[in-house]
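Numbering-wise (our numbering), the sequence shown opens with residue 410 and increments by one. Glycine residues also receive a C-beta, built at the ideal position from the N, C-alpha and C atoms.
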Amino acid sequence: MNNRSACQLCGEDFYPDQTWKTLCIPCYKLSKQRQEDVVSELTRLRTENEELRHRIAIPQDMLKTLILLAHPDRHGNSAASNKATAWLLSQRGRQ
410 MNNRSACQLC GEDFYPDQTW KTLCIPCYKL SKQRQEDVVS ELTRLRTENE ELRHRIAIPQ
470 DMLKTLILLA HPDRHGNSAA SNKATAWLLS QRGRQ
């Protein structure tokens, strides 16, 4: 096939050997490398995400201090202190 086409990435003319080809060889190789880089980065980020999800968010000693500071007994049994303390207590189970 000798029909000239313009590469969709760089705009340079090239002669595709198949009608469905839309990229010149250098741009095709570059796009494949970029795709591999994206897949690699996605894998790395998924691993990092999984590690972060299981990491202890609040150190045990700090959690105890925060529970004492937010406790409803110290704040007139307010709804906000009950809510905050309940959340902090739920974090103990994640430790």
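Would you check if the distance between the CB atom of residue i and the CB atom of residue j is smaller than 7 angstroms?
i: Gln500; j: Ile467; result: yes
i: Gln417; j: Thr428; result: no
i: Ser440; j: Pro425; result: no
i: Ala495; j: Ala479; result: no
Could you check what DSSP says for residue i in three-state terms: helix, strand or coil?
i: Asp422; result: strand
What residue range is occupied by the uninterrupted alpha helix (DSSP H) comprising residue i?
i: Gln500; result: Ala488 to Arg501
Is it buried or exposed for residue i, if we count other Cβ within 10 angstroms and need 16 for buried?
i: Cys419; result: exposed
i: Leu497; result: buried
Please give me, in chain order, every unbroken run of the alpha helix (DSSP H) with length at least 4 that falls completely inside the segment 441-476.
Counting whole runs of 4 or more residues, the segment 441-476 contains no alpha helix (DSSP H) stretch at all.
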